[in-house]
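**Q** Questions regarding the structure given below will be posed in turn.
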Amino acid sequence: MSGALILRRILAVAIFAGAVLLVAHLIADLNRVKALKSDLGEINNVRYGLLDADQWVGRVSAILERRINEFELTDQNRPQIKQAVEHVLDTLINEVEQYLRRRNQPSGGSWMDQVKGALQQGLQDMLVDFDELRRKVPQYAELVLEELSKPEAKRELKAQLLGFLQQASDSTFAKTDRTRLEALLASHDCADAAACSAQLRAEIVAARGPIRYQFAGVVSLVGLLFFICLTGTRDFDQTRLLLLTGATLILLAGGILTPMIEIEARITELSFQLLGEPVTFTDQVLYFQTKSVFDVVRILADTGAADMLLVAVLITLFSVVFPALKVIATYLYYYDFRGLRHSPLVHFFALKSGKWSMADVLVIAIFMAYIGFSGLMASQLGGLRKAAGAVEVLTTNGTSLEPGFFLFLAFVLASLLLSSVLENRIGEGPSS
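Per the numbering used here, the sequence shown starts with residue 14, numbered consecutively.
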């Protein structure tokens, strides 16, 4: 064996070892980022914000409290406020008078009831002069304004309004279960959701750079390994084939153990005016999922339903087991390892399993799912913006393909290339 060939083999082994280390780090970092993104999506979930009655009570209460504290009677606003109070008092007097008249003159009663009602109405007219009350409405309005200008009246009004608002919320809406949110805040050692959200975003951004370099490194090293092993000589020794088989399986492991697609629908900002002040909700996550092939299989299996278990088995067989066995069986068949070339199982996976392997179909399915989800999210969020009316809504469709998809795509291409090379050389026989 020449020195150049030995050097190429040592270089190939070093490249393979580097690819193994890089893909191990990449898998760990991608799954760590997946966990961070999942926690961030949960912390910003719409049920803890826009759909949480306590959030509305807090924001509306703050506005009411500021408005009451800022309320002052001045020479400029006194006429308008007095006019409003007079209108309320006048309406109240009219409603009371009409109610008493309806009560004193019931329809459909006997003549005794009619006489009784007339006597009651006459007595009422003698004791209560509603016309006199209406004439004194301006005087009553002045007294009301004087009371409103007192600090203790402000405090009482504020307490009554805020108490009524809280009571209405408690009796109308169910309490939001915040157990999961509180557990996440505690696990990340955060004081509140806003601080935790900022912390998680910073960690995700910090991890993106190394992940990009690791991903590029894995693909580059595997590509370089294929180039070194497939060029320079016609001899195709067992070591090079073993390295290429291992490199292909490395890509498969990265593809199935890391997220392939990320689906997110988010209300970036929703704002409207209440009593002249803005009410704003930001980063409200409507839906978020980021899953790997194994995550999907586990979720399907956890359901326990027969149809879901069948789908999980089919995904595992055609997307993981069959592609991996085809690559391994091709290696065993080419070198007739321990006479396994004549094994029906090795023969099937090496030469006839191509039409059963659905790896390439899975890649297309994931890509089409990405297009479909992206279009669906964009359409639905666009409809939300149009239906908002006076409410300003900014939405974000965060659907994206993740590195796991591209690693799986690289595996498909690498396995096709390796299978093609080996099928062309099977007739030539392996080199020693």
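For each residue, glycine too, the CB sits at the ideal point set by N, CA and C.
Mapping DSSP to helix, strand and coil, what is lysine 188?
**A** In the structure shown, the three-state DSSP call for lysine 188 is coil.
**Q** Taking just the CA atoms, how far does arginine 311 sit from leucine 299?
**A** 24 angstroms
**Q** Looking at the unbroken alpha helix (DSSP H) that takes in threonine 316, where does it start and where does it end?
**A** 306-316 is the extent of the alpha helix (DSSP H) around threonine 316.
**Q** Under the rule that 16 or more other beta-carbon atoms within 10 Å means buried, what is asparagine 437, buried or exposed?
**A** Flag for asparagine 437 reads exposed.
**Q** For phenylalanine 301, tell me which candidate among Asp67, Ser413, Asp65 has the shortest Cα-Cα distance.
**A** The residue from Asp67, Ser413, Asp65 with its alpha-carbon nearest to that of phenylalanine 301 is Ser413.
**Q** Shortest alpha-carbon distance to leucine 63 belongs to which of Ser428, Pro336, Thr281?
**A** Thr281
**Q** Is isoleucine 384 helix, strand or coil when you go by DSSP?
**A** Low local confidence applies: a pLDDT of 47 at isoleucine 384 is under 50, so the model's placement there is unreliable, with the coordinate-based value given in what follows. The answer is helix: DSSP assigns isoleucine 384 an H, G or I state.
**Q** Can you check whether the CB of proline 416 is closer than 8 angstroms to the CB of phenylalanine 228?
**A** Yes, the Cβ-Cβ distance between phenylalanine 228 and proline 416 is below 8 angstroms.
**Q** If you follow the beta strand (DSSP E) that threonine 271 is in, where does it begin and where does it stop?
**A** Run containing threonine 271: none; DSSP gives neither H nor E here.
**Q** Does DSSP put glutamine 251 in a helix, a strand or coil?
**A** In the structure shown, glutamine 251 sits in a helix (DSSP, three-state: H, G or I).
**Q** Are the beta-carbon atoms belonging to glutamate 108 and phenylalanine 143 less than 8 angstroms from one another?
**A** no
**Q** Look at the Cβ atom of aspartate 42, then the Cβ atom of leucine 197, and state whether they are nearer than 8 angstroms.
**A** no
**Q** Would you report the Cα separation of glutamine 96 and proline 164, rounded to the nearest angstrom?
**A** 22 angstroms
**Q** Measure from the alpha carbon of serine 305 to the alpha carbon of each residue in Ala208, Gly176, Ile341, Ile328, then state which is nearest.
**A** Ile328
**Q** Helix, strand or coil for glutamate 108 per DSSP?
**A** helix
**Q** Looking at the structure shown, is serine 433 part of a helix, part of a strand, or coil, going by DSSP?
**A** Reduced to three states, the DSSP call for serine 433 is helix.
**Q** Contact between the stretch 420-430 and the stretch 253-268: three or more CB pairs below 8 angstroms?
**A** yes
**Q** Going by the DSSP bridge assignment, what does phenylalanine 285 pair with across the sheet?
**A** Val292
**Q** Valine 231 and valine 73 look like a contact to me (Cβ under 8 angstroms); what is the Cβ gap, rounded to whole Å?
**A** With a Cβ gap of about 53 angstroms, valine 231 and valine 73 do not count as contacting.
**Q** For valine 33, collect the residues of the same chain with a Cβ closer than 7 angstroms to its Cβ; drop the 5 residues on either side in sequence, then sort them by chain order.
**A** Ile263
**Q** Give the secondary structure of asparagine 58 by DSSP, where H, G and I count as helix, E and B as strand, and everything else as coil.
**A** strand
**Q** Could you check if asparagine 57 is buried or exposed, using at least 16 other CB atoms within 10 Å of its CB as the buried criterion?
**A** buried
**Q** Need the endpoints of the alpha helix (DSSP H) that serine 162 sits in, please.
**A** Looking at the DSSP string, serine 162 is not in any alpha helix (DSSP H), and its letter there is neither H nor E.
**Q** Take arginine 362 and list the residues in its own chain whose beta-carbon comes closer than 6 angstroms to its own, dropping the five residues that flank it on each side.
**A** The sequence given here has phenylalanine at residue 362, not arginine. Correct list, in chain order: Leu338, Lys339, Ala342.
**Q** Starting from the Cα of leucine 18, find the closest Cα among Ala30, Val235, Leu243 and give me that residue.
**A** Leu243
**Q** Can you list, in chain order, the residues of its chain with a C-beta nearer than 6 angstroms to that of leucine 49? Leave out the 5 residues immediately preceding and following it.
**A** Cβ neighbours of leucine 49 beyond the five flanking positions: Leu213, Glu216, Ile217.
**Q** Among residues of its own chain, excluding the 5 on either side of arginine 253, which ones have a beta-carbon nearer than 6 angstroms to its beta-carbon?
**A** Cβ within range, chain order: Cys242.
**Q** Using a beta-carbon distance below 8 angstroms, is leucine 39 in contact with chain D?
**A** Of the chains in the structure shown, none is chain D; there is only one protein chain.
**Q** Is DSSP giving serine 233 helix, strand or coil here?
**A** helix
**Q** Among residues of its own chain, excluding the 5 on either side of leucine 429, which ones have a beta-carbon nearer than 7 angstroms to its beta-carbon?
**A** none
**Q** Out of curiosity, what's the CA-to-CA distance linking alanine 449 and glycine 71?
**A** Nothing can be reported for residue 449, as the shown portion of the chain is limited to 14 through 445.
**Q** Take valine 157 as the anchor and find which of Ala211, Glu99, Thr189 has the nearest alpha-carbon.
**A** Glu99
**Q** State the Cα-Cα distance for the pair leucine 345 and isoleucine 40, rounded to the nearest angstrom.
**A** 28 angstroms
**Q** Pull up the distance between the alpha-carbon of valine 334 and that of alanine 318, whole angstroms please.
**A** 22 angstroms
**Q** Of the residues Gln89, Gly31, Val101, which one's Cα is nearest the Cα of proline 1?
**A** The structure shown has nothing for residue 1, since the chain only spans 14 to 445.
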